[in-house]
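Participant: One structure, pasted below without further comment.
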Amino acid sequence: MEELLELYSVMGVSPAVYQYGEEALKRLESRFSEIDKIAEYNQAKVLAAMQKNHVSAACFAATTGYGYDDMGRDNLERVYADVFHTESALVRPQITCGTHALTVALSANLLPGDELLSPVGLPYDTLQEVIGIRPSPCSLAEYGVSYRQVDLLEDGSFDYEGIRSAINEKTKLITIQRSKGYATRPTFSVTQIGELIAFCKKIKPDVLVMVDNCYGEFVETIEPSDVGADMTVGSLIKNPGGGLAPIGGYIAGTKACIDRCGYRLSAPGLGQEVGANLGLMPALYQGFFLAPTVVAGAEKGAIFAANLYEPLGFPCFPNATENRHDIIQAVELGSEAAMVAFCKGIQAAAPVDSFASPIPGDMPGYDSQVIMAAGAFVQGSSIELSADGPIRPPYAVYFQGGLTWYHAKLGILMSLQKMIDADLIQL
Ligand SMILES: *Cc1c(COP(=O)(O)O)cnc(C)c1O
């Protein structure tokens, strides 16, 4: 299409880069149609939950103050519970981010003397301070919760023998991170997570399992809550917010666990009864409604990126042909300069702040400098097209999101163009 090529040229993507992308796309048709099938199923799942719970205009009314009897809020929590097939859910704008949701889930269900176990290696950067792996005021460690970790085996699989010997009489809660985070290990499939949960519960039937589901929602037709997780936790400015939620987090799980999360989030005795919705219900409902298709677009972008960068010699995780279990694409760029060029491309393709130029900087919760590219409608939203990564070897950039596939595509083409412009690669 001449017009498109012309417009892309004006925007800074050369015909050669565009053609390189089109060649890759030809190989991806059947994979993209698989993704569309999963999105169709998940769309139906969300619709069925909304219909079952009689979502109506009355659910969108704003509440203020205490938010007693907030029917829109309570109903949204039933919709989430039905989609995740759980007894209960806590879905609140008062949960400020994914780290906060995970903190609530952990601190509500761990008491002094209990032990937390991660059988999948080191958790996500910000969780390290929550747990107290890196000392921090108000960490779980300060409150007398001990922590144990079993690393993955060299091939990325679970160290079942190590896990068996790590589970002891103090082990109260097991935390499993689905997505790779800022690591280059594989992301786990929901089925793999189910196998790990079954193994742990066979050794200790009453142990609680929490899954950090960040970036995983709606990538498959099942969620960790379908395979035995007591709590499934994530951020609304990632997948389940569908790009429309301006803030929030969710925890879906057993009534016993979620009740405690409610008390931890507000106050003992108050629990889920308080928490005004502040007029955010339309965005939270509509975002959840859009999430399955938004996630599908983001996943296509991730696959496209791997299929552009891997042939150029950059290791990609997951690789160009692997199945996906989250929307993250890690690309090992090998140098700070390449990370900067890549991020400049993502930024230049954005609808918001496209004129800005990302540079590495310090971030609360992270122990090395981080570069972030995002031109988002919601600040920090990483279901919107974004790329980030810590400035440390192997200089991997983590690419994710895109509210539409076409935007994700343009962002990746633009990143490639910036790499070429900086003389870092040749097509
Ligand atoms: C994003 C993320 C978090 C933390 O979420 P924030 O909203 O950034 O606080 C935790 N775990 C994983 C795996 C994540 O990807």
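Numbering (our numbering), first residue to last: 1432 to 1858.
Where is the CB? At the ideal position from N, CA and C, for every residue including glycine.
#1: For the alpha helix (DSSP H) that contains residue 1827, what are its first and last residues?
#2: Quick one: give me the first and last residue of the beta strand (DSSP E) that residue 1548 is part of.
#3: Could you give the distance in angstroms between the alpha-carbon of residue 1514 and the alpha-carbon of residue 1601?
#4: Taking the runs of the alpha helix (DSSP H) that are 4 residues or longer, which of them lie wholly in the stretch 1525-1598?
#5: Can you tell me whether residue 1599 is buried or exposed? The criterion is at least 16 other CB atoms within 10 Å of its CB, across all chains shown.
#6: Going by DSSP, which residues form a beta bridge with residue 1606?
#7: Please confirm whether any heavy atom of ligand 1 lies closer than 7 Å to the CB of residue 1669.
#8: Does the beta-carbon of residue 1694, which I'm using as the reference point, lie nearer than 7 Å to any heavy atom of ligand 1?
#9: Restricting to runs no shorter than 3 residues, where is the beta strand (DSSP E) found entirely within the stretch 1762-1845?
#10: So if DSSP puts residue 1747 in a beta bridge, which residue, or which two residues, is it bridged to?
#11: Starting from residue 1521, trace the beta strand (DSSP E) both ways and give me its first and last residue.
#12: Taking the alpha-carbon positions, what's the residue 1805 to residue 1831 distance?
#13: Answer with buried or exposed for residue 1490, where buried requires no fewer than 16 other C-beta atoms within 10 angstroms of its C-beta.
#14: On a CA-only basis, which of 1841, 1621, 1486 and 1678 is nearest residue 1728? Give me that one, please.
#15: Find the nearest neighbour of residue 1666 within the set 1653, 1660, 1507 and 1646, judged by alpha-carbon distance.
#16: Are the Cβ atoms of residue 1678 and residue 1668 separated by less than 8 Å?
#17: May I ask whether a heavy atom of ligand 1 can be found less than 7 Å away from the beta carbon of residue 1533?
Facilitator: Based on what the coordinates show:
#1: As a position in the sequence shown, residue 1827 is number 396, starting the count at 1. Counting along the chain, residue 1827 falls outside any alpha helix (DSSP H), though it belongs to the beta strand (DSSP E) covering 1827-1831.
#2: Position 117 of the sequence shown, counted from the first residue, corresponds to residue 1548. Counting along the chain, the beta strand (DSSP E) containing residue 1548 begins and ends at 1546-1549.
#3: Numbered from 1 along the sequence shown, position 83 holds the residue referred to as residue 1514. Numbered from 1 along the sequence shown, position 170 holds the residue referred to as residue 1601. Taking the straight line joining both Cα atoms gives about 33 Å.
#4: 1529-1540, 1556-1562 and 1591-1597
#5: Here residue 1599 corresponds to residue number 168 of the sequence shown, with the count starting at 1. Residue 1599 comes out exposed.
#6: Translated into positions along the sequence shown, residue 1606 becomes position 175. Residue 1606 pairs with 1641.
#7: Residue numbering aside, residue 1669 sits at position 238 when the sequence shown is read from its first letter. It does: the Cβ of residue 1669 is within 7 Å (strictly closer) of some heavy atom of ligand 1.
#8: Working through the sequence shown from its first residue, we reach residue 1694 at position 263. Incorrect: residue 1694 has no Cβ contact closer than 7 Å to ligand 1.
#9: 1801-1805, 1817-1821 and 1827-1831
#10: On the sequence shown, residue 1747 is found 316 positions in, with the first residue counted as 1. According to DSSP, residue 1747 bridges with 1762.
#11: Position 90 of the sequence shown, counting from 1, holds the residue named residue 1521. Here the beta strand (DSSP E) through residue 1521 covers 1519-1523.
#12: Here residue 1805 corresponds to residue number 374 of the sequence shown, with the count starting at 1. Here residue 1831 corresponds to residue number 400 of the sequence shown, with the count starting at 1. Taking the straight line joining both Cα atoms gives about 10 Å.
#13: Position 59 of the sequence shown holds residue 1490. So residue 1490 counts as buried.
#14: Within the sequence shown, the letter at position 297 stands for residue 1728. Closest by C-alpha distance to residue 1728, out of 1841, 1621, 1486 and 1678, is 1841.
#15: Stepping through the sequence shown from its first residue, residue 1666 is reached at position 235. Of 1653, 1660, 1507 and 1646, the residue nearest in Cα terms is 1646.
#16: Numbered from 1 along the sequence shown, position 247 holds the residue referred to as residue 1678. Numbered from 1 along the sequence shown, position 237 holds the residue referred to as residue 1668. Contact: yes.
#17: Stepping through the sequence shown from its first residue, residue 1533 is reached at position 102. Within the cutoff, so yes.
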